[in-house]
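Visitor: For the sequence shown, the numbering used here gives the first residue as 42, with consecutive numbering after it.
A virtual CB, placed ideally from N, CA and C, is assigned to each residue, including glycine.
Here's a structure for you.
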Amino acid sequence: MRYLEAEYNFAVSSAQMAASWAEVSQDGDRYDLQYRTAGDDHVREEHRPLNGVTLPPSNDFWRYYYPPNGWNCRCTAVQVLKGKYPTSDDKQAIQAGDRMTDTPKKRIFRFNPGIDGQLFPPKHPYYKLSREAAGQVKKAVKALQETAPEPDTDTGVDLVRLRRRRKEIKEEAKRLTEQQFFNAQFGKPMIITKTGIKEWLNQPHKHIEAKNEMLLEIGEVVQNAEYLGTGPDKHRAYITAHFFEIELEGEKSWIIAREFPDGKCQIHSISDSKKVLEALHEKTARK
42 MRYLEAEYNF AVSSAQMAAS WAEVSQDGDR YDLQYRTAGD DHVREEHRPL NGVTLPPSND
102 FWRYYYPPNG WNCRCTAVQV LKGKYPTSDD KQAIQAGDRM TDTPKKRIFR FNPGIDGQLF
162 PPKHPYYKLS REAAGQVKKA VKALQETAPE PDTDTGVDLV RLRRRRKEIK EEAKRLTEQQ
222 FFNAQFGKPM IITKTGIKEW LNQPHKHIEA KNEMLLEIGE VVQNAEYLGT GPDKHRAYIT
282 AHFFEIELEG EKSWIIAREF PDGKCQIHSI SDSKKVLEAL HEKTARK
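Here's what the structure looks like:
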């Protein structure tokens, strides 16, 4: 009966990873994805070379080597902040994945449960799973859907909580679209649209949770911000970008507003990267 136990464990792991992939897909390539083994003496030798492979979710590597990669495989893949780890050579990673699954019985594990939409590899004889085990799997899948995965301890952010709260803030922030916001140094009223709300919440940031919560107090934030000046919009030549400096968690960040030809101004985004200031015109940039 050990094979039934192995199938059950694999199905549960696949369900968990498929649920995780659904969340990863929503974020696109905003984060990188990193392959991780269990890190102990029981890790299979062929799995060890993949530990630490870091690639964007859109890379083909994840199409075939997203965990689990074998019976009772304990490997996982976690989202990590872009730039925290060097991007891996995907050709070398794929070669390592090929070596990991280089026998006929192992090649069936070249699949992604989230993309393929099934718990077992396409060529696996699912009918071998007993009714009892199948029922247990269904219960496990339901429990996984209702239970948040463990926090991503690498980034220090519980990504499940982050996504849940981001959805809540997005709903709460709808009221902001009916308001105007002012900064005395700037002198023009600003609004924020649903697109602006989405852009703000989707932006990566060192203090991402505080940045998202700040949106709900955008009126006070804009009012107290320091206006730095204008620059060209990086997407549309006919739009003027305006830059405001704020402090978040003791560090500087910059709000970008966009002014359209008709004079209307919209709060567009926020960034903690100084690179956004490269667009500032010299005459308005601070020394």
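(1) With DSSP collapsed to three states, give me the class of VAL94.
(2) I'd like the span of the beta strand (DSSP E) that includes TYR76, first residue to last.
(3) Since ILE232 sits in a beta bridge, which residues does DSSP pair it with?
(4) Less than 6 Å between C-beta atoms, sequence neighbours within five positions excluded: which residues of the same chain meet that for SER314?
(5) Determine the burial state of ASP73: buried for a count of at least 16 other Cβ atoms within 10 Å of its Cβ, exposed for fewer.
(6) Can you tell me which of PRO230, MET141, LEU122 and VAL119 puts its alpha carbon nearest to the alpha carbon of CYS306?
(7) Express the C-alpha separation of PHE284 and SER61 in angstroms, rounding to a whole number.
(8) Under DSSP, the beta strand (DSSP E) around GLY260 begins and ends at which residues?
(9) Over what stretch of residues does the alpha helix (DSSP H) that includes TRP295 continue unbroken?
(10) From THR194 to LEU122, what does the alpha carbon distance come to, in whole angstroms?
(11) Hey, how far is the Cα of ARG139 from the Cα of TYR126?
(12) Under the assumption that ARG77 contacts ALA118 (Cβ atoms under 8 Å), give the Cβ distance between them as a whole number of angstroms.
(13) Under 8 Å, with one C-beta from each stretch per pair, do the segment 232-249 and the segment 217-224 reach the 3-pair mark?
(14) With a threshold of 8 Å, are at least 3 pairs of Cβ atoms found where one atom belongs to the segment 85-96 and the other to the segment 110-117?
(15) Using beta-carbon positions only, say whether PHE16 and THR142 come within less than 7 Å of one another.
(16) Going by C-alpha distance, which of PHE51, PRO97, THR236 and ASN253 is nearest GLU209?
(17) Apart from the five residues just before and just after LYS247, which ones in its own chain have a Cβ nearer than 6 Å to its Cβ?
(18) Would a C-beta distance cut-off of 7 Å place SER129 and THR95 closer than the cut-off?
(19) Can you tell me which of the three DSSP states THR271 falls into?
(20) Going by alpha carbons, who is nearest to GLN136 out of ASP101, GLU292, ARG206 and VAL263?
(21) Thinking C-beta only, is GLU267 closer than 7 Å to GLU286?
(22) Mind checking which residues open and close the beta strand (DSSP E) that includes GLU250?
(23) I need the straight-line Cα distance from MET255 to VAL262, nearest angstrom please.
(24) Buried or exposed for GLU191, please, with buried defined as at least 16 other CB atoms from any protein chain shown within 10 angstroms of its CB.
(25) At what residues does the beta strand (DSSP E) containing ALA282 begin and finish?
(26) For SER54, which residues from the same chain have a beta carbon less than 6 Å from its beta carbon, with the 5 sequence-adjacent residues on both sides left out?
(27) Taking HIS322 and THR271 to be in contact with their CB atoms under 8 Å, please state how far apart those CB atoms are, rounded to whole angstroms.
(28) Buried or exposed for ALA227, please, with buried defined as at least 16 other CB atoms from any protein chain shown within 10 angstroms of its CB.
(29) What's the gap between the Cα of GLU290 and the Cα of LYS146?
Guide: In short:
(1) coil
(2) 73-77
(3) GLN307
(4) none
(5) buried
(6) PRO230
(7) 36 Å
(8) Unbroken run through GLY260 is the alpha helix (DSSP H), 259-265; no beta strand (DSSP E).
(9) Looking at the DSSP string, TRP295 is not in any alpha helix (DSSP H); the run it does join, the beta strand (DSSP E), is 292-300.
(10) Bear in mind that the predicted position of THR194 carries a pLDDT of just 42, short of 50, making it unreliable; the figure below should be weighed with that in mind. Approximately 11 Å between the Cα atoms of the pair.
(11) Here residue 139 turns out to be Asp, not Arg, going by the sequence shown. Cα-Cα distance, rounded: 23 Å.
(12) 7 Å
(13) yes
(14) yes
(15) With the chain running from 42 to 328 in the structure shown, residue 16 is simply not present.
(16) ASN253
(17) ASP313
(18) yes
(19) strand
(20) ASP101
(21) yes
(22) Counting along the chain, GLU250 falls outside any beta strand (DSSP E), though it belongs to the alpha helix (DSSP H) covering 249-255.
(23) 8 Å
(24) Annotation note: pLDDT 44 at GLU191 (below 50); position unreliable, coordinate value reported separately. Per the 10 Å Cβ criterion, exposed.
(25) 281-289
(26) PRO109
(27) 6 Å
(28) Reading the sequence as shown, one finds Phe at residue 227 and not Ala. Burial call: buried.
(29) 52 Å
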